[in-house]
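Take a look at the structure below.
2 protein chains.
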Amino acid sequence: MENLKIILASGSRDRAKSFERAQLDFEIIISDFSEEEFKGKELSPIELSIKLAKMKVLDVKKKMEFKGIDAIIIAADTLVEFKGNIIGKPMDENHALEILKKLNNNTHKLISAIAVTRTFNDKIISDYDITSVSFLDLSIDEIKLYIKTGEWKERAGAYSIRNKASLFIDKIEGSPSNVIGIPMHKLFLILKNEFNYNLLGQKI
Amino acid sequence: MENLKIILASGSRDRAKSFERAQLDFEIIISDFSEEEFKGKELSPIELSIKLAKMKVLDVKKKMEFKGIDAIIIAADTLVEFKGNIIGKPMDENHALEILKKLNNNTHKLISAIAVTRTFNDKIISDYDITSVSFLDLSIDEIKLYIKTGEWKERAGAYSIRNKASLFIDKIEGSPSNVIGIPMHKLFLILKNEFNYNLLGQKI
Numbered sequence: 001m002e003n004l005k006i007i008l009a010s011g012s013r014d015r016a017k018s019f020e021r022a023q024l025d026f027e028i029i030i031s032d033f034s035e036e037e038f039k040g041k042e043l044s045p046i047e048l049s050i051k052l053a054k055m056k057v058l059d060v061k062k063k064m065e066f067k068g069i070d071a072i073i074i075a076a077d078t079l080v081e082f083k084g085n086i087i088g089k090p091m092d093e094n095h096a097l098e099i100l101k102k103l104n105n106n107t108h109k110l111i112s113a114i115a116v117t118r119t120f121n122d123k124i125i126s127d128y129d130i131t132s133v134s135f136l137d138l139s140i141d142e143i144k145l146y147i148k149t150g151e152w153k154e155r156a157g158a159y160s161i162r163n164k165a166s167l168f169i170d171k172i173e174g175s176p177s178n179v180i181g182i183p184m185h186k187l188f189l190i191l192k193n194e195f196n197y198n199l200l201g202q203k204i
Numbered sequence: 205m206e207n208l209k210i211i212l213a214s215g216s217r218d219r220a221k222s223f224e225r226a227q228l229d230f231e232i233i234i235s236d237f238s239e240e241e242f243k244g245k246e247l248s249p250i251e252l253s254i255k256l257a258k259m260k261v262l263d264v265k266k267k268m269e270f271k272g273i274d275a276i277i278i279a280a281d282t283l284v285e286f287k288g289n290i291i292g293k294p295m296d297e298n299h300a301l302e303i304l305k306k307l308n309n310n311t312h313k314l315i316s317a318i319a320v321t322r323t324f325n326d327k328i329i330s331d332y333d334i335t336s337v338s339f340l341d342l343s344i345d346e347i348k349l350y351i352k353t354g355e356w357k358e359r360a361g362a363y364s365i366r367n368k369a370s371l372f373i374d375k376i377e378g379s380p381s382n383v384i385g386i387p388m389h390k391l392f393l394i395l396k397n398e399f400n401y402n403l404l405g406q407k408i
């Protein structure tokens, strides 16, 4: 087990950072799966994020099978839910402003799903976590100043909790790693219980 | 105001990282204040952490006054409270093990106080935040593997939420930056409301 590769099937710099900070030995292989075809479907935010995580993990699994490399493959998907609506990644600065004005002085839900599988193995395990995130009350000028940092780019909800957004995040309820894009404690439990792989280390 | 220096009166690498990630322009000047003389006093955890943050900020304020440099000075103090007892930084691996065994499969409180002042200014503002942190149930062997990472060093509660401890932190309730050692949202509000200094930027 010790030489078994861990593949992070995600292009998210935040997820890669979470893995690095947890001292995991991993490689990144990004899926070619296109999310677009699911956009119009009637799925709840939780169903949608699980579905997307599974599609991503299956795509990278195929690649690994083609290459003949045994590995544990991990994918994730993060969505913001606010008043029953799904909020994704902003398209541009104006969209980021629109999103942050909604989330301002309010509480939203951050949903991250993960899907885990292994090459040459039929098992696919998925799970998700929900974290509530509350923002302080910022003025429009302050939101515009925040947007200038560029932290909104490629991030569901248009903010980065680990960076300048820490100044206006009042409170969260749930897992902090989930807000960053991958519920690390769920990953730890899935790998330990379902794949016999302990991320805290293989030996004492 | 734009050239006003920000001094972080703390030697904590985690607090410095929080400031860096929030893109703050700051310098570190560590106080010479000794915490030892307060250890025996009958103060509640909140009173103690506020007291310590104030003593640190006053010590560095004196240094700045001596140098004749105008600056905003920020100090903080972090304590872990578990079942009414204060848990500080571990002295060695055995002490870290003892602390983590207590916190394991349980919820503790993380208290961070901040104190803010300005050179040549009598105003000292302090505040604090409390965050509940819940750990999964680890085996003794897993705790020992975690201790091997060295993350316990110099950290109240013997863990680092941003690093490998993310694997076993199930849930928090409160501010995530507070767990890292400084409640950034409280700092943002104090600087804005009491010192007319906006950390999101001084101009649109």
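For the record, the sequence lines run as chains A and B. In this text, residue positions in the first sequence follow our numbering: the first is 1, and each later residue adds one. In this text, residue positions in the second sequence follow our numbering: the first is 205, and each later residue adds one. Where is the CB? At the ideal position from N, CA and C, for every residue including glycine. Values in this document were obtained by computation on a predicted structure and should not be read as measured data.
Residue-level contact to chain B via CB, residue 171 of chain A, 8 Å cutoff: yes
Any chain B beta carbon closer than 8 Å to residue 184 of chain A: yes
Reduced DSSP secondary structure (H/G/I, E/B, other) of residue 135 of chain A: strand
Residue 139 of chain A to residue 353 of chain B span [Cα, whole Å]: 42 Å
Backbone CA spacing between residue 356 of chain B and residue 379 of chain B [nearest angstrom]: 21 Å
Proximal residues, the stretch 135-149 of chain A versus chain B, C-beta separation under 8 Å: 136, 138, 141, 142, 144, 145, 146, 148, 149
Helix, strand or coil at residue 206 of chain A according to DSSP, with G and I counted as helix: Residue 206 of chain A lies beyond the residue range present for chain A, which begins at 1 and ends at 204; the question has no answer from this structure.
Residues bridged to residue 279 of chain B (per DSSP): B/319
At least 3 beta-carbon pairs within less than 8 Å: the stretch 371-391 of chain B vs the stretch 320-338 of chain B: yes
Three-state class that DSSP yields for residue 363 of chain B in the structure shown: coil
Contacts of residue 176 of chain A in chain B (Cβ-Cβ under 8 Å): 365, 370, 373, 376, 380, 383
Cβ of residue 22 of chain A within 8 Å of any chain B Cβ: yes
Cα-Cα separation, residue 19 of chain A to residue 130 of chain A: 20 Å
Cβ-based burial, residue 123 of chain A [other Cβ within 10 Å; buried from 16]: exposed
Below-8 Å beta-carbon distance, residue 404 of chain B vs any chain A residue: yes
Best match in B/267, B/387, B/239, B/329 for proximity to residue 399 of chain B [C-alpha to C-alpha]: B/329
Whole-angstrom distance between residue 142 of chain A and residue 105 of chain A, CA atom to CA atom: 12 Å
N-terminal and C-terminal residue of the alpha helix (DSSP H) that residue 384 of chain B is part of: 380-384
Local conformation of residue 44 of chain A per DSSP, three classes: coil
Which residues DSSP lists as bridging residue 289 of chain B, in chain order: B/286
Where residue 8 of chain A sits in the DSSP three-state scheme: strand
Per-residue contacts from residue 222 of chain B into chain A (C-beta, under 7 Å): 166
Residue 146 of chain A, enclosing alpha helix (DSSP H) - first and last residue: 140-148
Distance CB(residue 211 of chain B)-CB(residue 276 of chain B) smaller than 8 Å: yes
Nearest to residue 282 of chain B (by Cα), restricted to the options B/273, B/384, B/312, B/213: B/384
Euclidean distance between Cα positions of residue 408 of chain B and residue 55 of chain A: Per-residue confidence for residue 408 of chain B stands at a pLDDT of 48, beneath the threshold of 50, marking its modelled position as unreliable; the derived number appears in the next sentence. One C-alpha to the other measures close to 42 Å.
Contact set for residue 215 of chain B: own chain, Cβ-Cβ below 6 Å, skip 5 residues either direction: 234
Span separating the alpha-carbon of residue 361 of chain B from that of residue 291 of chain B: 6 Å
Assigned secondary structure, residue 191 of chain A (DSSP; H/G/I helix, E/B strand, else coil): helix
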